[in-house]
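Student: Starting off with a structure, shown below.
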DNA sequence: CGAAACCGCTGATCTGCCTCAGTGCGGCAG
DNA sequence: CTGCCGCACTGAGGCAGATCAGCGGTTTCG
């Protein structure tokens with residue numbers, strides 16, 4: 124085992140126990156580091172995509188725009204997450220990716236990705252695994268928008284975000300730093316920004332959590348879990364699943 | 124190339140050009156055929172899953188139940204679709220799978236799946252591909268629930284379903300047979316059954332489509348596409364993506 | 001063959017969230 | 001220092017879709 128690992132290797136390592144050869148193959152993928160400023164899209168809907176990205180630092184969101192102009196944020200990505208895997212597989216992007224903060228990411232050309240998959244099937248499995256976890260999150264998100272009211276939805280979303288950040292060492296049980304504006308939250312949760320504001324106020328008045336000045340502080344974890352019907356098993360597991 | 128292919132092999136073949144060795148490996152996976160009656164769940168939330176399934180005939184839905192009792196249908200599966208891949212990867216199911224009609228499906232034990240993936244990386248890529256297409260559908264579904272009103276949502280859903288069925292030879296441009304009840308539609312679209320009924324009536328009164336007696340008939344395809352802001356590129360492509 | 005269950009369908013009423021139309025504050029460019 | 005812009009925040013009013021309550025037809029089953 125190598126001593127220092129990227130967040131990405133750490134995440135994959137949680138799925139599949141990785142050999143040194145596999146780890147150094149990952150490091151090779153991880154080489155081409157780039158910096159993106161906040162606000163300018165990295166990938167556009169419909170654009171043909173030759174590369175995927177691995178997020179090293181900063182936050183991004185993936186979203187879709189309808190011709191009517193309204194947008195739906197599908198997911199936020201945090202360090203260690205894989206970006207645009209689906210776009211690479213389909214050779215064209217079906218969604219946009221926008222950096223919320225300044226972002227560092229490694230570019231992974233499609234060719235390198237496929238070569239690595241062919242020569243190291245276990246890595247392919249690991250990536251499939253990571254992609255499945257992301258899909259599980261999208262599914263949870265779908266359930267949230269379809270069947271939870273605004274307050275439950277917000278609570279669930281922030282709990283999930285907290286759990287994800289904790290996994291990569293960017294949060295604790297009591298809270299986390301969060302660069303999302305109420306407008307971004309609204310686009311993610313299928314609400315209006317006005318209503319997001321009211322819901323956050325309600326959560327504050329109920330002494331459940333505070334979201335102010337880019338900081339989420341959790342006051343009553345049990346209360347939130349109860350309200351949101353939150354079950355973190357889909358994010359968590361104990362040790363590598365494939366040895 | 125083998126002359127006769129299962130719907131599943133046909134679907135994967137659309138993603139990756141498959142050799143005879145790979146096709147016969149698929150046939151081996153496809154062997155263990157089982158029949159399930161309508162209504163009794165094949166997989167339960169939280170249950171540990173040792174097998175995935177490949178749907179040969181009939182319709183199923185995957186859904187999640189909240190402790191409050193309300194349910195959200197995440198997706199419907201039709202012949203050729205893969206069931207429970209994520210459940211196998213995580214070793215426990217995070218959702219339920221219920222047959223809507225009587226169903227024939229091939230059981231694929233996790234062990235066989237992993238072995239096939241290790242020895243035939245191209246098959247792993249193909250499955251990753253198919254899984255990505257399914258995720259793209261879930262994403263589109265998410266956008267629908269978050270940002271489309273009931274009528275647009277219904278139109279989009281039925282257009283998508285029609286396109287999928289056409290791909291496996293179970294529908295035409297003018298319509299398709301559809302065993303879904305209005306209650307199932309409601310649970311899928313995050314609406315009440317009452318409202319589903321009204322929306323279907325509106326679509327009928329607008330001469331866009333008719334959904335009666337288990338049959339969807341499309342009267343005005345262009346009108347529907349316009350209303351739903353439907354873009355089928357995420358379902359379609361020309362020829363295998365990997366040769 | 002009657003009862004129960006399911007499904008499609010409808011009118012009336014209620015409500016969660018949207019839209020509109022603002023105010024106030026902090027950061028930043030000129 | 002001033003004016004602008006983005007963001008958090010608020011009240012008033014409106015509407016899409018939920019909920020409640022009920023009818024009629026068809027299938028299933030004791």
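Protein chains in written order, with my numbering: chain A, 124 to 366; chain B, 124 to 366. Heads up, the beta-carbon is just placed ideally off N, CA and C, and yes, glycines get one too.
(1) Pick out the complete beta strand (DSSP E) segments inside the stretch 198-270 of chain A, 3 residues or longer, and give them in chain order.
(2) For residue 297/B, tell me which candidate among 249/B, 169/B, 341/B, 203/B has the shortest Cα-Cα distance.
(3) Would you give the residue range spanned by the beta strand (DSSP E) that residue 186/A belongs to?
(4) Determine, using beta carbons only, whether residue 135/B comes closer than 8 Å to chain A.
(5) Leaving out five residues on either side along the sequence, give the residues of the same chain with a beta carbon under 6 Å from the beta carbon of residue 247/B.
(6) Who are the near neighbours of residue 294/B in its chain, counting only those whose CB is closer than 6 Å to its CB and skipping five residues on each side?
(7) Which runs of the beta strand (DSSP E) at least 3 residues long sit entirely within the stretch 269-335 of chain A? Give them in chain order.
(8) Kindly indicate if chain A contains any beta-carbon less than 8 Å away from that of residue 129/B.
(9) In whole angstroms, what is the alpha-carbon distance linking residue 310/A and residue 316/A?
(10) Under 8 Å between beta-carbons, which chain B residues line up against residue 353/A? List them in chain order, please.
(11) Considering only residues of the same chain and omitting the five flanking positions on each side of residue 351/A, which have a CB-CB separation below 7 Å?
(12) Among all the DSSP beta bridges, which residues are the ones paired with residue 195/A?
(13) In chain A, which residues lie less than 8 Å from residue 197/B when you measure between Cβ atoms?
(14) So residue 314/B and residue 195/A are in contact, right, with Cβ under 8 Å, and what is the actual spacing, rounded?
(15) Once DSSP output is grouped into helix, strand and coil, what is the label at residue 151/A?
(16) Could you round the C-beta distance between residue 231/B and residue 152/B to whole angstroms and report it? I think they count as a contact, below 8 Å.
(17) Along chain B, in chain order, which residues have C-beta atoms closer than 8 Å to that of residue 212/A?
(18) Return the residue from the list 261/A, 353/A, 347/A, 319/A that minimises the CA-CA distance to residue 332/A.
(19) Grab me the residues of residue 166/A's own chain with a C-beta within less than 7 Å of its C-beta, minus the 5 sequence neighbours each way, in chain order.
(20) Between the beta-carbon of residue 162/B and the beta-carbon of residue 222/B, is there less than 8 Å?
(21) What does DSSP give as the partner residue(s) for residue 166/B in the beta ladder?
(22) Between residue 251/B and residue 349/A, is the Cβ-Cβ spacing less than 8 Å?
(23) Let's see if you can read the secondary structure: which residues bound the alpha helix (DSSP H) around residue 134/A?
(24) State buried or exposed for residue 160/B, treating a residue as buried only when at least 16 other CB atoms are found within 10 Å of its CB.
(25) Drop a sphere of 10 angstroms on the beta-carbon of residue 338/A, count the other beta-carbons inside from all chains shown, and report buried for 16 or more, exposed for fewer.
(26) Measuring only the C-alpha atoms, how far is residue 271/B from residue 272/A?
(27) Quick check: residue 176/A and residue 229/A, are their CB atoms within less than 8 Å of each other?
(28) Any C-beta of chain A sitting closer than 8 Å to the C-beta of residue 247/B?
(29) Please list the terminal residues of the continuous alpha helix (DSSP H) segment that includes residue 351/A.
(30) Flag residue 285/A as yes if its beta-carbon sits less than 8 Å from any beta-carbon of chain B, otherwise no.
(31) Look at residue 174/A and residue 226/A and say whether their C-beta atoms are less than 8 Å apart.
(32) DSSP beta-bridge partners for residue 340/B?
(33) Give me the chain A residues within the contact set of residue 232/B, using Cβ-Cβ distance strictly less than 7 Å, ordered along the chain.
(34) What's the call for residue 322/A, buried or exposed, on a 16-neighbour Cβ count within 10 Å?
(35) In the structure shown, what three-state DSSP assignment does residue 146/A receive?
(36) Under 7 Å between beta-carbons, which chain A residues line up against residue 259/B? List them in chain order, please.
Tutor: With the given structure in hand:
(1) Runs found: 219-222, 226-232.
(2) Counting from 1 along the second chain, the entry for residue 297/B is found at position 174. For the residues 249/B, 169/B, 341/B, 203/B, the minimum Cα distance to residue 297/B belongs to 341/B.
(3) Position 63 of the first chain, counted from the start, is the residue given in the question as residue 186/A. That run of the beta strand (DSSP E) goes 183-188.
(4) The residue given as residue 135/B occupies position 12 in the second chain. Not one chain A Cβ lies under 8 Å of residue 135/B.
(5) Taking the second chain and counting its residues from 1, the one referred to as residue 247/B is at position 124. Here the set comprises 240.
(6) On the second chain, residue 294/B is found 171 positions in, with the first residue counted as 1. Closer than 6 Å at the Cβ level, and outside the excluded window around residue 294/B, lie 285, 288.
(7) 298-300, 332-335
(8) Counting from one through the second chain, the residue named residue 129/B turns up at place 6. Not one chain A Cβ lies under 8 Å of residue 129/B.
(9) Mapped onto the first chain, residue 310/A falls at position 187. Mapped onto the first chain, residue 316/A falls at position 193. CA-CA distance, residue 310/A to residue 316/A, rounds to 8 Å.
(10) Start at 1 with the first residue of the first chain, and residue 353/A comes out as number 230. Correct list: empty, because the minimum Cβ distance to chain B is about 10 Å.
(11) Mapped onto the first chain, residue 351/A falls at position 228. Beyond the five residues adjoining it in sequence on each side, residue 351/A comes within less than 7 Å, by CB distance, of 275, 278, 279, 282 in the same chain, given in chain order.
(12) Along the first chain, one-based indexing puts residue 195/A at 72. BP columns for residue 195/A point to 187/A.
(13) For the purposes of this step, residue 197/B is identified with residue 74 of the second chain, where counting begins at 1. Residues of chain A passing the Cβ test: 262, 265, 266.
(14) Here the question's residue 314/B lines up with position 191 in the second chain. Here the question's residue 195/A lines up with position 72 in the first chain. No, residue 314/B and residue 195/A are not in contact; Cβ-Cβ is about 17 Å, not under 8 Å.
(15) Your numbering for residue 151/A matches position 28 in the first chain. In the displayed model, residue 151/A falls within a helix according to three-state DSSP.
(16) Position 108 of the second chain, counting from 1, holds the residue named residue 231/B. Position 29 of the second chain, counting from 1, holds the residue named residue 152/B. Correct: roughly 5 Å between the Cβ atoms.
(17) Here residue 212/A refers to the residue found at position 89 when the first chain is read from its first residue. In chain order: 251, 252, 255, 364.
(18) Against the first chain, residue 332/A aligns to sequence position 209. The shortest C-alpha separation from residue 332/A is found at 347/A.
(19) For this step, residue 166/A is matched to residue 43 along the first chain. Closer than 7 Å at the Cβ level, and outside the excluded window around residue 166/A, lie 172, 207, 210, 216, 219, 220.
(20) Numbered from 1 along the second chain, position 39 holds the residue referred to as residue 162/B. Numbered from 1 along the second chain, position 99 holds the residue referred to as residue 222/B. A contact, by the Cβ cut-off of 8 Å.
(21) The residue labelled residue 166/B in the question sits at position 43 within the second chain. Residue 166/B is bridged to 220/B.
(22) The count along the second chain starts at 1 and reaches residue 251/B at position 128. The count along the first chain starts at 1 and reaches residue 349/A at position 226. Contact flag unset, no.
(23) As a first step, residue 134/A must be located in the first chain, where it is residue number 11. Run containing residue 134/A: 130-138, per the alpha helix (DSSP H) assignment.
(24) Along the second chain, one-based indexing puts residue 160/B at 37. Looking at its Cβ environment, which holds fewer than 16 other Cβ atoms inside 10 Å, residue 160/B is exposed.
(25) Numbered from 1 along the first chain, position 215 holds the residue referred to as residue 338/A. Residue 338/A is classed as exposed because its beta carbon has fewer than 16 other beta carbons within 10 Å across all chains shown.
(26) For this step, residue 271/B is matched to residue 148 along the second chain. For this step, residue 272/A is matched to residue 149 along the first chain. Approximately 17 Å, taken between the alpha carbons.
(27) For this step, residue 176/A is matched to residue 53 along the first chain. For this step, residue 229/A is matched to residue 106 along the first chain. In this structure, residue 229/A lies closer than 8 Å to residue 176/A by Cβ.
(28) The residue labelled residue 247/B in the question sits at position 124 within the second chain. Taking Cβ atoms only, chain A reaches closer than 8 Å to residue 247/B, which makes this a yes.
(29) Locating residue 351/A in the first chain gives position 228, where the first residue counts as 1. Counting along the chain, the alpha helix (DSSP H) containing residue 351/A begins and ends at 344-351.
(30) Here residue 285/A is taken as the residue at index 162 of the first chain, counted from 1. The beta-carbon of residue 285/A is placed no less than 8 Å from the nearest beta-carbon of chain B.
(31) In the first chain, counting from the first residue as 1, residue 174/A sits at position 51. In the first chain, counting from the first residue as 1, residue 226/A sits at position 103. Contact flag unset, no.
(32) Within the second chain, residue 340/B is the residue found at index 217, counting from 1. 298/B, 333/B.
(33) Taking the first residue of the second chain as position 1, residue 232/B is located at position 109. What residue 232/B touches in chain A: nothing, since even the nearest Cβ is about 15 Å away.
(34) The residue labelled residue 322/A in the question sits at position 199 within the first chain. Its Cβ being crowded by 16 or more others within 10 Å, residue 322/A is buried.
(35) The sequence position of residue 146/A within the first chain is 23, counting from 1. Looking at residue 146/A - three-state DSSP - the assignment turns out to be helix.
(36) Taking the first residue of the second chain as position 1, residue 259/B is located at position 136. Correct list: 209, 217.
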